[in-house]
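Peer 1:
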Amino acid sequence: MINTILKKVNQKVLPKNYFFSPDWIVLGVNNVCNLHCKMCDVGTKTLDTNFAQNLIGTHPLNMPLELIKKIIDQMALYYPNSKLGYAFTEPLVYPHLQESLEYAKNKKIKTTITTNALTLKQNASKLINGGLSDLFISLDGPQEIHNEIRGHTKSFQKAVDGIEEILRINPKQSISVFCVITEWNIGFLEEFVRFFKGFPLKQIGFMHTNFTTQSIADSHNLIWKSKYEATASNIEEINIDNYNLDLLWEEINTIKKVKNNFPISFSPEIESKEKLFEFYLKPEKKIGKICNDVFSNIMIKSDGSVIPAHGRCYNLTLGNLYSENLKQIWNSTVLNNFREDLINNGGQLPACSRCCSAF
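Going by UniProt numbering, the first residue of the sequence shown is number 1, and it counts up by one from there.
(1) Reducing DSSP to helix, strand and coil, say where Trp224 ends up.
(2) For the alpha helix (DSSP H) containing Asn297, name the first residue and the last one.
(3) Could you give the residue range of the beta strand (DSSP E) that holds Phe178?
(4) Would you mind sorting Thr333 into buried or exposed? The rule is 16 or more other CB atoms within 10 Å of its CB.
(5) Please classify Leu77 as buried or exposed, where buried requires at least 16 neighbouring CB atoms within 10 angstroms.
(6) Helix, strand or coil, according to DSSP, for Phe338 in the structure here?
(7) If you scan the stretch 269-311 from start to end, which runs of the alpha helix (DSSP H) of 4 or more residues do you find wholly inside it?
(8) Say whether chain C places a C-beta atom closer than 9 Å to the C-beta of His310.
(9) Are three or more beta carbon pairs between the stretch 161-172 and the stretch 125-136 nearer than 8 Å?
(10) Assuming Leu189 and Glu251 are in contact, meaning their beta carbons sit under 8 Å apart, how far apart are those beta carbons, in whole angstroms?
(11) Rounded to whole angstroms, what is the Cα-Cα separation between Glu284 and Leu349?
(12) Are the stretch 253-270 and the stretch 190-197 touching, with three or more C-beta to C-beta distances below 8 Å?
(13) Do Ile25 and Ser82 have their C-beta atoms closer together than 9 Å?
(14) Would residue 362 be called buried (16 or more neighbouring beta carbons within 10 Å of its own) or exposed?
(15) So, helix, strand or coil for Trp184, using DSSP?
(16) Would DSSP call Asn210 helix, strand or coil?
(17) If you check the beta carbons only, do Leu97 and Leu118 fall under 9 Å apart?
(18) Per DSSP, Gly28 is paired with what?
(19) Among all the DSSP beta bridges, which residues are the ones paired with Thr153?
(20) Taking all protein chains shown into account, decide if residue 360 is buried (16 or more other Cβ within 10 angstroms of its Cβ) or exposed.
(21) Using a Cβ-Cβ cutoff of less than 7 Å, which residues in the same chain neighbour Glu278 once the five nearest sequence positions on both sides are dropped?
(22) Cα-Cα, which of Asn123, Pro60, Val42 is closest to Thr89?
(23) With distance defined between alpha-carbon atoms, name the residue in Phe359, Glu164, Asn50 nearest to Gly288.
(24) Where do the N-terminal and C-terminal ends of the alpha helix (DSSP H) with residue 424 fall, by residue?
(25) How do the stretch 193-204 and the stretch 216-225 stand: do at least 3 beta-carbon pairs fall below 8 Å, yes or no?
(26) With a Cβ-Cβ cutoff of 9 Å, do Tyr243 and Tyr314 count as a contact?
(27) Counting beta carbon pairs with one atom in the stretch 1-18 and one in the stretch 29-36, are three or more of them shorter than 8 Å?
(28) Tell me which same chain residues have a C-beta within less than 7 Å of the C-beta of Val177, skipping the five on either side of it?
(29) Nearest CA to the CA of Asn185: which residue from Gly347, Met39, Val9, Gly346?
(30) By the three-class DSSP mapping on this structure, what secondary structure does Gly43 have?
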């Protein structure tokens with residue numbers, strides 16, 4: 001509790017001199033995905049956005065094993081309590097997955113994986129043997145809805161088969177399921193929760209759509225283009241006007257009333273129907289108070305370059321692991337200036353208004 005208070009004070013009073021370690025080192029271990037999600041710039045091949053460039057804009061295709069070992073070595077040296085998150089673009093098709101997990105395990109670094117779970121069954125033993133701490137699975141609704149959104153006729157069942165295989169090998173493995181709310185799965189969220197009722201999940205988390213409209217990007221760039229250029233993101237096939245927000249509000253309240261064996265959360269937690277409409281229809285209004293992730297995360301891409309927080313952030317290079325070490329990058333002038341700019345502008349910049357880091 002005291003440590004949390006000290007962090008908050010440090011963020012607000014001395015953002016340019018942050019004294020605490022990162023909670024996460026996020027990895028972009030590869031630049032390829034095996035699904036085609038409708039709400040993702042990678043899936044829709046909208047490749048000129050910050051989000052797409054952060055996920056698939058670097059070379060080589062796969063992070064070299066030598067580089068990931070270097071990252072793990074430096075975590076063990078500088079930040080042994082931080083978690084290593086395999087997050088982008090699809091970690092389960094990363095060719096060095098097993099060896100790197102086992103290397104991190106031997107160095108006593110906790111690892112997590114965020115995956116679409118299409119190949120989870122084939123990789124289950126690798127994850128268990130690699131000492132994976134937490135498994136985060138991204139699904140978009142019941143079977144037919146999920147498969148339609150992901151562009152793969154068997155993706156949901158393959159994910160479920162993978163979850164069952166993980167639990168067969170290790171019934172105590174921590175598994176969380178996350179679902180992005182979109183125009184296509186509103187009305188099916190209750191059914192989604194019911195499907196997993198008998199599974200020993202750690203949690204189900206629903207995430208309201210993260211998006212940046214062109215108008216928001218334009219207004220942001222009038223002020224910040226030279227330092228933190230914004231682009232529209234994750235709206236190529238999404239039409240916010242198609243969201244049935246009345247139905248969504250009813251569904252959220254129904255889900256919250258049902259008792260489950262695991263907690264269910266919404267990000268952000270929206271307190272009224274009026275606020276729900278504001279979130280989706282007035283993206284110029286800030287919802288969160290401060291970007292939390294810029295003080296807790298950095299993301300390393302396949303070429304060793306580092307950006308703030310994770311793939312949704314600005315394409316701002318903080319340094320490169322081939323020329324600097326992890327500690328130097330975490331305390332770099334570029335990142336410290338970014339933290340200070342955020343705090344001096346109310347905790348977020350205009351294009352941060354619907355990013356999950358602010359909730």
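Glycine is no exception: its CB is placed at the ideal position from the N, C-alpha and C atoms.
Peer 2: Looking at the atomic coordinates:
(1) In the three-state reduction of the DSSP assignment, Trp224 falls in the helix class.
(2) In this chain, Asn297 is not harboured by any alpha helix (DSSP H); it is covered by the beta strand (DSSP E) spanning 297-300.
(3) DSSP places Phe178 inside the beta strand (DSSP E), whose first and last residues are 174-180.
(4) The residue in question, Thr333, is exposed, as its Cβ has fewer than 16 Cβ neighbours within 10 Å.
(5) Counting of Cβ neighbours within 10 angstroms places Leu77 among the exposed residues, the total staying below 16.
(6) Secondary structure at Phe338: helix, using DSSP grouped into helix, strand and coil.
(7) Within the stretch 269-311, the complete alpha helix (DSSP H) runs of at least 4 residues are 273-281.
(8) In the structure shown, chain C cannot be found, because there is only a single protein chain.
(9) Segment contact: the stretch 161-172 against the stretch 125-136, three or more CB-CB distances shorter than 8 Å; contact assigned.
(10) Rounded, the Cβ-Cβ distance is 5 Å, consistent with contact.
(11) Each residue's alpha carbon lies about 11 Å from the other.
(12) In short, these stretches touch, since the Cβ pair count reaches three.
(13) In this structure, Ser82 lies closer than 9 Å to Ile25 by Cβ.
(14) Residue 362 lies beyond the residue range present for the chain, which begins at 1 and ends at 359; the question has no answer from this structure.
(15) In the three-state reduction of the DSSP assignment, Trp184 falls in the coil class.
(16) DSSP, reduced to helix, strand and coil, places Asn210 outside both helices and strands of the structure shown, so it counts as coil.
(17) Not a contact, by the Cβ cut-off of 9 Å.
(18) Beta-bridge analysis with DSSP links Gly28 to Phe88.
(19) Bridge partners of Thr153: none, in fact.
(20) Outside the shown range of the chain, which is 1 to 359, sits residue 360, and nothing can be said about it.
(21) Excluding sequence neighbours, Glu278 sits near Lys285.
(22) For the residues Asn123, Pro60, Val42, the minimum Cα distance to Thr89 belongs to Val42.
(23) In terms of Cα proximity to Gly288, the closest of Phe359, Glu164, Asn50 is Phe359.
(24) Beyond the ends of the chain as shown, which are 1 and 359, falls residue 424; an answer cannot be given.
(25) Verdict: no, contact absent.
(26) No, these two residues do not count as a Cβ contact at 9 Å.
(27) Result no; under three Cβ-Cβ pairs closer than 8 Å.
(28) Same-chain partners within the cutoff: Ile137, Leu139, Phe196, Leu201, Ile204.
(29) The shortest C-alpha separation from Asn185 is found at Met39.
(30) The DSSP-derived three-state label of Gly43 is coil.
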